[in-house]
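J.: Here it is: the structure, laid out below.
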Amino acid sequence: MTIREVSKQICRLSDGRINGEKFSQTEFTNYLKGMFRTGTSVIVSLELPDGHWLCEVDLYEFHPYCAYDYFLPENREQEKILYRRLNSKNQLKGGNN
Numbered sequence: 016m017t018i019r020e021v022s023k024q025i026c027r028l029s030d031g032r033i034n035g036e037k038f039s040q041t042e043f044t045n046y047l048k049g050m051f052r053t054g055t056s057v058i059v060s061l062e063l064p065d066g067h068w069l070c071e072v073d074l075y076e077f078h079p080y081c082a083y084d085y086f087l088p089e090n091r092e093q094e095k096i097l098y099r100r101l102n103s104k105n106q107l108k109g110g111n112n
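Heads up, the sequence shown is in our numbering, so the first residue is 16 and it goes up one at a time.
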């Protein structure tokens, strides 16, 4: 998928409520573009009808194109994997000190 397609799907699922803010599709696309300047994976929090869920958006580089995809856990057990990744990334950056 393109970054716009991923952004569109996530905004539709969450009504644009991401990381505690309200995003338009364009704003979220720009947010992702900025985040992907420093890495190939972004974890965001979505406000869905059944509660807050983490979602991971990944960048796959296929030169000359880039492809994006996202992972939205189906249950809280799967979501724990994202919490562990988020926690390990935070500790690598010096967080929780």
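Glycine included, C-beta positions come from ideal geometry on N, C-alpha and C.
As the structure is a computational prediction, the values presented were derived from the model and not from experiment.
1. Which of the three DSSP states, helix, strand or coil, is assigned to PHE86?
2. Ends of the alpha helix (DSSP H) at SER56?
3. Thinking C-alpha only, which one of GLU36, THR41, GLY35 is nearest ILE24?
4. In three-state DSSP terms, what is GLY52?
5. On the premise that VAL21 lies in contact with VAL72, defined as a C-beta separation below 8 Å, what is that separation, rounded to the nearest angstrom?
6. Excluding the five sequence neighbours on either side, which residues of its own chain have a C-beta within less than 8 Å of the C-beta of ASP63, listed in chain order?
7. Contact check, LEU61 vs ILE18 under 8 Å by CB: the rounded distance?
8. Please list, in chain order, all residues of the same chain as PHE43 whose beta carbon is under 8 Å from its beta carbon, the five residues on each side excluded.
T.: Looking at the coordinates:
1. Strand.
2. Counting along the chain, SER56 falls outside any alpha helix (DSSP H), though it belongs to the beta strand (DSSP E) covering 56 to 63.
3. In the sequence as displayed, the identity of residue 24 is Gln instead of Ile. For GLN24, the nearest C-alpha among the options comes from THR41.
4. Before going further, note that residue 52 is Arg rather than Gly in the sequence given. The answer is coil: DSSP assigns ARG52 none of H, G, I, E or B.
5. VAL72 to VAL21, Cβ: 6 Å. Contact.
6. Here residue 63 turns out to be Leu, not Asp, going by the sequence shown. Here LEU63 has LEU28, SER29 as same chain residues with Cβ atoms under 8 Å from its own Cβ, once five neighbours each way along the sequence are excluded.
7. For a cut-off of 8 Å, the C-beta gap from LEU61 to ILE18 is around 17 Å, too long to register as a contact.
8. The residues are SER22, ILE25, CYS26, GLY31, ILE33.
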